[in-house]
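Enquirer: Okay, handing you the structure first.
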Amino acid sequence: MGMRMKDGSDRSDRDHAHPRDAGGVAPGKRTLTGSATAVQRSSGSEPNATGMSGRSMSEIIPLSSDVPFADSIIGAEMVQRSQTAPADEADVQALAAHGTSGASTSLPFVDQIQRSFGAHDVSEVKAHTDGAAAEGARGMGATAFASGDRVAFADAPDLHTAAHEAAHVVQQRQGVSLKGGVGQAGDPYEQHADAVADAVVAGRSAEALLDQAPGSGSSRQAVQRFGSREHKDMGDIGSGEAIYGNQGMGLTHGDLVMLRGDYFEEDVLRRLWDRPSMMPGRMVGTQDELIYAIHHARSGRDDRFLAGGMWQHYRFSSNVKSAVVERYNRLATMNQDHFVEPKGTVGAKIDGMPVLSAPGRYRDAHERALMGAYRAGIAGASPDPAFITEAMGQHFLTDAFASGHITTPRGQLSEYWNKRYPRFGQQFVEKLVTDLSRHMADHADMLAGAVVTAEQLEGPVRKMILEKMASKPPPTLGELLSLITHDYDNVAGVNVVNDLGWRWNAVGDGEFHKFQGNGDASERQHSDVIIAAIAAGCDEIRLAYSMGQNHRATPLDTGQLFDQIRQQVPSPAKPSEKYAAEQYMPRPDPKAYDAAIQATAGSLEELWRTPVKKGGPTYGQLISKSATSGTLGSEMEAMIADMPAKIDPIKEGGTIGEMISSVPVVKYGGHGWIYPQRAFRETILNRLRNPEDGLQFMLELTSGE
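This is the structure we're talking about:
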C-alpha cells in the first residue's frame with residue numbers, strides 16, 4: 000500500500016542492473032530475454048487459455064519426484080521453448096537489432112498505458128512499426144518483441160499488445176535474466192505481461208503488478224509511503240543538489256531524504272555508510288545495502304546504474320537484496336510516525352506537535368542538526384554532518400505534506416482495530432488455505448481415476464502462502480483500513496492552509512507536480528511549497544553554522560541557539576515558536592475541509608457500512624473499489640500472475656506433492672489439472688470486489704473474535 004511516484008516506484012530486482020548492461024532481448028506476447036540484451040517476443044500462434052500456445056502442461060513442468068507441488072505453484076523452473084523461434088540465440092539478437100534499426104515513434108496508446116502503469120514511466124519507449132520491424136518480429140516467429148527500451152511490431156498493435164510489450168520494457172529495467180537471452184512462450188514473464196495488459200485494457204491500475212515482476216522477490220508490502228522519486232527529487236532541488244561524501248561513497252541530499260525512514264533507521268544508515276564493501280554488490284552490512292536500496296527505490300532508473308554511471312557494473316547478491324527488502328517491509332508496518340496526527344486529534348502533543356509524528360520527528364532531527372552545525376562552526380569543522388542529519392530528518396518533513404498522511408489516523412486505526420481483531424493475520428492465511436484448497440479440489444480436471452481432495456491440498460497451499468509472505472510481517476486489519484483511508488484522500492487531495500496563510504490542494508502519490516488551484520493568488524503548487532520548506536530547513540543549518548563561527552568566544556547554550564534561530568528565520572517565514580520549515584507545513588483548511596476520518600465503529604460489519612467521512616463512500620465501498628481498480632486489487636493480481644494458470648498435481652508414482660507423498664490419489668496412473676490462478680481470483684479477489692460479498696468474506700475470516 001505504498002505511495003509511489005512516476006519513475007520512482009519500489010521493486011526488488013534480479014541480478015542485472017539494466018538491460019543494456021546485461022545485454023539481452025525480449026519478444027513480446029511470448030518472451031525472450033538474456034545476456035546480450037533481453038529479448039521478449041510475442042508468439043505468432045494464438046495462445047490458449049493457459050498462455051502455452053496449445054502445448055500440454057507436462058511439456059512445461061517436469062513431473063519428477065523431487066519437485067514439490069507447492070514449489071510448482073510458486074513458480075517452478077519452466078522449460079518454455081517457442082516452437083517457431085530460431086534455435087540459435089545469435090539469430091534472435093541479430094533479428095532484434097534489425098527490427099529496431101529503422102525510424103521510431105512513440106509507443107502506441109502511450110497515454111492510456113501510462114495512466115495504468117503509474118510510477119513506471121514508459122513515455123520514452125520507442126516503437127518500431129516499419130518493414131524492418133515486421134521482418135525482425137516475423138523472423139522470430141513473433142507478432143512483436145521488446146528489446147531494452149524499444150519495442151517492435153509486425154503489424155499495427157492493439158492496446159493489449161502495446162501494453163504487453165510495454166510491460167516487457169519494465170521487466171527488463173528490473174533486470175530480467177532468462178537463459179540464452181530469449182524469453183519463451185508461456186514463461187512467468189509472459190504470464191505477467193499478459194496480466195498487466197489485461198489490467199490496462201480493463202482500465203485498472205497495473206502499477207502494483209509491475210512492482211512485483213516474476214521472480215523479483217519484491218512483493219511490495221501494502222503500506223502508506225511517499226513516492227521515492229518525490230522524496231529524492233525535491234530533496235535534491237531544495238538543497239541545491241548537495242552531495243555528501245563518506246568512506247569513498249557520495250550520497251545526494253535527496254538520497255538521504257529518500258532512504259531514511261522507509262529503508263533504514265538513522266543509526267543503521269550511518270553504520271552501513273561507514274562500511275565500504277570488499278565485494279561490491281555482495282556484502283550484507285556494508286554500503287552495498289545503501290546502493291541496492293537506491294536501485295530498489297528508483298527501479299534501476301537512476302543514472303548511476305546506467306551506462307557510464309558509477310554503479311553500472313553492480314550485480315547484487317540475493318542476501319543483499321533480502322536484507323534491504325525485508326527491512327523495508329518491516330519498517331512499513333512501523334510507520335505511524337510518518338503521519339501528521341497518527342493518533343487522530345486526541346493524541347498527546349509536545350510543543351504543539353503530536354507525539355511520534357512526522358512533524359515531531361522532523362523537529363527532533365532539525366534541532367540536532369542545528370546544534371551540530373553550530374558546534375562545527377565553533378570548531379572550524381565541516382558542516383556536512385549536520386546537513387546529513389537535516390537531510391534524513393527531511394524525510395518526515397516531506398511526509399507531512401502528503402495528503403493521505405495529513406488526515407489518516409494511522410496509529411488510531413491500528414490500535415483500535417488490531418486490538419479488536421488480534422488474530423486477523425493468522426485467520427487471513429487460514430482463510431486463503433481453506434478457500435483455495437477447496438476451490439482447486441472442487442474444480443479439478445482429473446483423469447484416469449485420479450482423485451484429489453481439499454485436505455490433500457492444504458499442506459502444499461499453506462507452504463506456498465507462507466513462502467510468499469516470508470519477507471513480510473503478518474497483515475493486520477488496521478493496516479488494511481489505513482490503506483483505504485490514505486488512498487481516499489491521496490486521490491482527490493485535501494484543501495490545506497499553513498502558518499503563512501497560503502492555501503492550496505495538497506495531493507499525494509504521484510501527484511506532486513499537479514497544480515489544482517481556483518485562481519486565488521495565494522495558492523501555490525504543492526511541490527513548490529515542499530521545495531521551499533526543504534530550502535528553508537537547509538538555510539537554518541547554514542545560519543547555525545555561521546553563528547557558531549561568530550560565537551567562538553562566548554558560545555550559546557542550546558535554548559539560546561534555538562531561540563535565536565527562530566527569531567532569524569528566512570523570509571517569508573516569520574519569527575515565532577516554530578522553525579521556518581514548520582511554518583510551511585500544511586494542515587486541513589477549516590474553511591474548506593468538510594470532515595475528519597471516521598476511525599472507529601462497534602464492529603467490523605458496522606464499520607463496513609460506515610462512511611469514511613461524512614457524506615463520503617463507506618469503508619466497504621472503498622475496499623471494493625481498491626480491490627477492483629486500486630492498490631489492493633493490483634497487489635492481488637500480482638500474486639495471481641506469479642502462479643501458473645494450471646498445474647498437474649500428480650507426481651510420478653501416483654502421489655500429490657512431497658508434503659503428502661503418503662496419500663495415494665490415483666490407482667492406475669495418469670494426470671489431471673488444478674487451477675491456482677482461477678481459485679485465487681474467484682474465492683478471494685472477486686468476492687472483495689463486491690461490497691456485500693466482500694463483507695461476508697471478512698465476517699467469515701474474523702469469525703470467532
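Here numbering that gives the first Met the number 0 is used: position 519 in the sequence shown is 518, and no number is missing along the way. Glycine included, C-beta positions come from ideal geometry on N, C-alpha and C. Treat the numbers as computed from the prediction; the structure is a model and nothing was measured.
1) Does HIS167 pass the burial test, meaning 16 or more other C-beta atoms within 10 Å, or should it be called exposed?
2) Relative to the alpha-carbon of PRO384, which residue among GLY249, ASN494 and PRO589 has its alpha-carbon at the smallest distance?
3) So, at 7 Å on beta carbons, what are the nonlocal neighbours of ASN689 in its own chain, with the 5 sequence-adjacent residues on each side left out?
4) Helix, strand or coil, according to DSSP, for PRO675 in the structure here?
5) Taking contact to mean at least 3 C-beta pairs separated by less than 8 Å, is the segment 366 to 382 in contact with the segment 295 to 306?
6) For ALA580 versus LEU208, is the C-beta spacing smaller than 8 Å?
7) In angstroms, rounded to a whole number, what distance separates the CA positions of ASN504 and ASP486?
8) Given GLN548, which residues of its chain have a CB within under 8 Å of its CB, disregarding the five upstream and five downstream residues?
9) Return the chain-ordered list of same chain residues with a C-beta closer than 6 Å to the C-beta of ILE276, the five sequence neighbours on each side being excluded.
10) Does the segment 328 to 338 touch the segment 398 to 414, meaning 3 or more C-beta pairs lie closer than 8 Å?
11) Should ALA161 be labelled buried (16 or more other beta-carbon atoms within 10 Å of its own) or exposed?
12) Output the boundary residues of the alpha helix (DSSP H) element that contains ASN489.
13) Drop a sphere of 10 angstroms on the beta-carbon of PRO675, count the other beta-carbons inside from all chains shown, and report buried for 16 or more, exposed for fewer.
14) List the endpoints of the continuous alpha helix (DSSP H) containing HIS779.
15) How would you call MET439, buried or exposed, if buried means at least 16 neighbouring beta carbons within 10 angstroms?
16) Verify the contact flag: GLY371, CB atom, against every heavy atom of the ligand PLP, threshold strictly below 7 Å.
17) Using a Cβ-Cβ cut-off of 6 Å (strictly less than) and excluding sequence neighbours within five positions of THR332, which residues of its own chain qualify?
18) Locate the beta strand (DSSP E) running through LYS125, then write down its first and last residues.
19) Note down the Cα distance separating GLN582 from ALA572, rounded to an integer number of angstroms.
20) Going by DSSP, what residue range makes up the beta strand (DSSP E) through VAL267?
21) Among the residues of its own chain, which have a CB less than 8 Å from the CB of ALA531, if the five just before and after it don't count?
22) Which whole-angstrom value is the C-beta distance of HIS404 and ALA357, which I expect to be below 8 Å?
23) Kindly list the residues whose CB is nearer than 6 Å to the CB of THR627, restricted to its own chain and excluding five residues on each side of it in sequence; keep chain order.
24) Could you tell me if ARG13 is buried or exposed, where buried requires 16 or more neighbouring beta carbons within 10 angstroms of its beta carbon?
25) What's the C-alpha gap between ASP254 and GLU691?
26) Buried or exposed, going by whether 16 or more other CB atoms sit within 10 Å of the CB of HIS442?
27) Could you name the residues of the same chain whose beta carbon sits closer than 8 Å to that of MET309, not counting the 5 residues immediately before and after it, in chain order?
28) On a CA-only basis, which of ILE673, THR251, SER227 and GLN455 is nearest PRO643? Give me that one, please.
29) For the beta strand (DSSP E) that PHE144 lies in, which residues bound it at each end?
30) Residues in the same chain with beta-carbon distance under 6 Å from ASP129, minus the five sequence neighbours each way, listed in chain order, please.
31) Using only the alpha-carbon positions, how far apart do VAL490 and GLY507 sit?
32) Specify, as a first and last residue, the run of the alpha helix (DSSP H) that TYR415 falls within.
33) Could you work out which residue in SER481, GLY392 and ASN417 is closest to VAL256 when comparing CA atoms only?
34) How about the segment 261 to 269 and the segment 415 to 433: do they share at least three Cβ pairs that are nearer than 8 Å?
35) Name the one or two DSSP bridge partners that GLY249 has.
Expert: Let me spell this out:
1) Looking up residue 167 in the sequence shown gives position 168. Buried, by the Cβ-count rule.
2) Residue numbering aside, residue 384 sits at position 385 when the sequence shown is read from its first letter. Distances from the alpha-carbon of PRO384 to those of GLY249, ASN494 and PRO589 put GLY249 closest.
3) Sequence index remark: in the sequence shown, residue 689 carries index 690 (1-based). Once the five neighbours on either side are set aside, the close Cβ partners of ASN689 are SER623.
4) Counting from 1 along the sequence shown, the entry for residue 675 is found at position 676. Assigned with DSSP and collapsed to three states, PRO675 falls in helix.
5) In the pairwise beta carbon analysis, the segment 366 to 382 is classified as not touching the segment 295 to 306: fewer than three pairs are separated by under 8 Å.
6) To locate residue 580, count along the sequence shown from 1; it is residue 581. To locate residue 208, count along the sequence shown from 1; it is residue 209. It is not a contact, given that the beta carbons lie outside the stated cut-off.
7) Here residue 504 refers to the residue found at position 505 of the sequence shown. Here residue 486 refers to the residue found at position 487 of the sequence shown. Going by C-alpha positions, ASN504 is about 15 Å away from ASP486.
8) Within the sequence shown, numbered from 1, the residue matching residue 548 stands at position 549. The answer, listed in chain order, is GLY376, ILE377 and GLY379.
9) Position 277 of the sequence shown, counted from the first residue, corresponds to residue 276. The sequence given here has Ser at residue 276, not Ile. MET282, THR285, GLN286 and ASP287.
10) Judged by Cβ distances under 8 Å, the segment 398 to 414 makes contact with the segment 328 to 338, as three or more pairs qualify.
11) Counting from 1 along the sequence shown, the entry for residue 161 is found at position 162. By the 10 Å Cβ count, ALA161 comes out buried.
12) The residue given as residue 489 occupies position 490 in the sequence shown. Run containing ASN489: 476 to 491, per the alpha helix (DSSP H) assignment.
13) For the purposes of this step, residue 675 is taken as residue 676 along the sequence shown, with counting starting at 1. With at least 16 other beta carbons inside 10 angstroms of its own, PRO675 counts as buried.
14) Outside the displayed range of the chain (0 to 704) lies residue 779, so it cannot be described from this structure.
15) Mapped onto the sequence shown, residue 439 falls at position 440. Around the beta-carbon of MET439, 16 or more other beta-carbon atoms lie within 10 Å, marking it buried.
16) Questions concerning the ligand PLP fall outside what the structure shown contains, since it holds no ligand whatsoever.
17) Position 333 of the sequence shown, counted from the first residue, corresponds to residue 332. So the qualifying residues of the chain are PRO472.
18) Translated into the one-based positions of the sequence shown, residue 125 becomes position 126. Start and end: 125 to 127.
19) In the sequence shown, counting from the first residue as 1, residue 582 sits at position 583. In the sequence shown, counting from the first residue as 1, residue 572 sits at position 573. Cα to Cα, the separation comes out at about 6 Å.
20) Taking the first residue of the sequence shown as position 1, residue 267 is located at position 268. VAL267 -> not in any beta strand (DSSP E); alpha helix (DSSP H) instead, spanning 265 to 272.
21) Position 532 of the sequence shown, counting from 1, holds the residue named residue 531. Exclusion of the five residues before and after ALA531 leaves GLY237 and TYR583 as the residues of its chain whose Cβ lies within less than 8 Å of its Cβ.
22) The residue labelled residue 404 in the question sits at position 405 within the sequence shown. The residue labelled residue 357 in the question sits at position 358 within the sequence shown. Between ALA357 and HIS404 the Cβ distance is about 6 Å, and since that is below 8 Å, they are a contact.
23) To locate residue 627, count along the sequence shown from 1; it is residue 628. Apart from sequence neighbours up to five positions away, the residues of its chain that approach THR627 with a beta-carbon distance below 6 Å are ARG688, ordered along the chain.
24) Residue mapping note: residue 13 aligns to position 14 of the sequence shown, counting from 1. Annotation note: pLDDT 32 at ARG13 (below 50); position unreliable, coordinate value reported separately. Answer is buried; the Cβ neighbour count reaches 16.
25) Stepping through the sequence shown from its first residue, residue 254 is reached at position 255. Stepping through the sequence shown from its first residue, residue 691 is reached at position 692. Their backbone Cα atoms lie some 45 Å apart in a straight line.
26) The count along the sequence shown starts at 1 and reaches residue 442 at position 443. Exposed, because fewer than 16 other Cβ atoms sit within 10 Å of the Cβ of HIS442.
27) The residue given as residue 309 occupies position 310 in the sequence shown. Setting aside the 5 residues that flank it on each side, MET309 is surrounded in the same chain by ARG303, each with a C-beta closer than 8 Å to its C-beta; the list follows chain order.
28) Looking up residue 643 in the sequence shown gives position 644. Minimum Cα distance to PRO643 is reached at ILE673.
29) Locating residue 144 in the sequence shown gives position 145, where the first residue counts as 1. In the DSSP assignment, PHE144 falls within the unbroken beta strand (DSSP E) covering 141 to 146.
30) The residue given as residue 129 occupies position 130 in the sequence shown. Closer than 6 Å at the Cβ level, and outside the excluded window around ASP129, lie GLY101.
31) Mapped onto the sequence shown, residue 490 falls at position 491. Mapped onto the sequence shown, residue 507 falls at position 508. If you take the alpha carbons of VAL490 and GLY507, they lie about 7 Å apart.
32) Against the sequence shown, residue 415 aligns to sequence position 416. Element bounds for TYR415: 409 to 419.
33) As a first step, residue 256 is located in the sequence shown; it is residue number 257 there, counting from the start. Nearest option by C-alpha distance: GLY392.
34) With a cut-off of 8 Å, the segment 415 to 433 and the segment 261 to 269 do not count as touching, because too few Cβ pairs lie within range.
35) Here the question's residue 249 lines up with position 250 in the sequence shown. For GLY249, which the question treats as bridged, DSSP gives the partners GLY244.
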